[in-house]
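See structure below.
In UniProt numbering, the protein residues as written are 1 to 151.
Shown next, in the form of structure tokens:
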């Protein structure tokens, strides 16, 4: 059974998975990788959760408040050993439910176009996310794409 709990992105138990996440994205996308580090994920407008199976960290996700009606999914990641086990789907469902509880009318995200992003893209599309224009401070490039879900 998986447990999702609010957590501190700067906590020692998050460091290795967050470092892996950032290194992989920056290695593929260079200056077009917009993933937040622990400092960015600790900002007041960001809520960060970790997913656990027993005592094993299996993933994390964050929700950034863009305005009172619009949230952004940030830094969703399943641990390498937990990929394909439903972690991403559970984390995404948690973020969508939280966005609805907060009264957001829309939930958006930015993701890459590289092959490593295809599993996440399939997950987002299966949850109802559709392509949209760049939002917030993002600028379009061949390396990123934007999706939104009307809540």
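Each residue gets a CB set at the ideal place from its N, CA and C atoms; glycine is no exception.
| query | result |
| --- | --- |
| Rounded C-alpha distance that separates residue 216 from residue 47 | Nothing can be reported for residue 216, as the shown portion of the chain is limited to 1 through 151. |
| Classification of residue 68 by the beta-carbon crowding that lies within 10 angstroms, buried from 16 upward | exposed |
| Among 85, 115, 116, 120, the one whose alpha carbon lies nearest that of residue 74 | 120 |
| Residues that residue 2 bridges to, as DSSP identifies them | 53 |
| DSSP beta-bridge partners of residue 108 | 72, 148 |
| Selection from 51, 50, 44 that minimises the alpha carbon distance to residue 64 | 44 |
| Beta-carbon proximity list for residue 175, same chain, < 7 Å, skipping 5 on both sides | Residue 175 is absent from the model: the chain starts at 1 and stops at 151. |
| Cβ contact (3+ pairs, closer than 8 Å) linking the segment 74 to 85 and the segment 50 to 64 | yes |
| Buried/exposed call for residue 12, threshold 16 Cβ in 10 Å | exposed |
| Test item: CB-CB of residue 129 and residue 138 under 8 Å | no |
| Alpha-carbon to alpha-carbon, residue 148 and residue 131 | 6 Å |
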